[in-house]
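One structure below.
Numbering (my numbering), first residue to last: 363 to 501.
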C-alpha cells in the first residue's frame, strides 16, 4: 500500500514540477476551475449561499473552502491536498481490487490508477473529480 501511495504521489508531484517549468498558464486557471475557486472563496469569507446560481457540483466548493481556510489560500498546499487525496484513491483502488479479485489484480489496478494521466490531470487541476472518486470508493 505504501508503494502504491508513493508511486501515485510521486507521479502527481512530477507532473506539477513539469508544468511549473513548462506551462505558461500554470498560475492562471480558467473555466470551471476559477468558478469553483471563486465560489469557495465566497464561502470561506462567510457567504454560505452566494448571490448567483452555479451549475456545478455544490458539495465541492464547500470542501474547497475548508481547504482554503486550512491552507491560508496557498495554491500549492491546496494542490498538495488534492494530490494526497488522489494518492489515497489509488490505495483504496488497491484495497477494493484485492478484496474483490485478488492481490495481483489490486496491484495492477492501483498502478494503472497511479499512473493514469487523466486522474493525475484532474488532481492537479483542482476539480471535484478526486473528491467524487474518493466518496465513491469509500461507499
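All C-beta atoms, glycine included, are put in the ideal place defined by N, C-alpha and C. Small disclaimer: the values here were computed from a predicted structure and weren't measured.
For residue j and residue i, the rounded distance between their alpha carbons
i	j	result
residue 430	residue 363	29 Å
residue 380	residue 462	36 Å
residue 370	residue 405	31 Å
residue 400	residue 377	25 Å
residue 434	residue 403	11 Å
residue 375	residue 471	20 Å
residue 432	residue 411	20 Å
residue 499	residue 475	13 Å
residue 440	residue 372	16 Å
residue 465	residue 478	20 Å
residue 418	residue 436	23 Å
residue 389	residue 438	10 Å
Start and end residues, alpha helix (DSSP H) containing residue i
i	result
residue 449	437–463
residue 423	421–432
residue 396	394–406
residue 501	Counting along the chain, residue 501 falls outside any alpha helix (DSSP H), and DSSP gives it neither H nor E.
residue 377	364–384
Proximal residues to residue i (C-beta, below 6 Å), its chain only, five neighbours per side dropped
i	result
residue 468	456, 459, 460
residue 495	451
residue 449	367, 370, 371
Three-state secondary structure (DSSP) of residue i
i	result
residue 391	coil
residue 486	helix
residue 418	coil
residue 494	helix
residue 411	coil
Supposed contact pair residue j and residue i - C-beta distance, whole angstroms, cut 8 Å
i	j	result
residue 425	residue 493	6 Å
residue 491	residue 366	At roughly 19 Å, the Cβ-Cβ gap does not stay under 8 Å, so residue 491 and residue 366 are not in contact.
residue 398	residue 423	6 Å
residue 485	residue 444	5 Å
residue 497	residue 395	The pair is not a contact, with the Cβ atoms about 20 Å apart (cut-off 8 Å).
Chain-order list of residues whose beta-carbon lies under 7 Å from that of residue i (same chain, five-residue window excluded)
i	result
residue 383	none
residue 427	402, 405, 406
Spatial neighbours of residue i in its chain, beta-carbon cut-off 8 Å, leaving aside the 5 residues before and after
i	result
residue 447	485, 492, 493, 496
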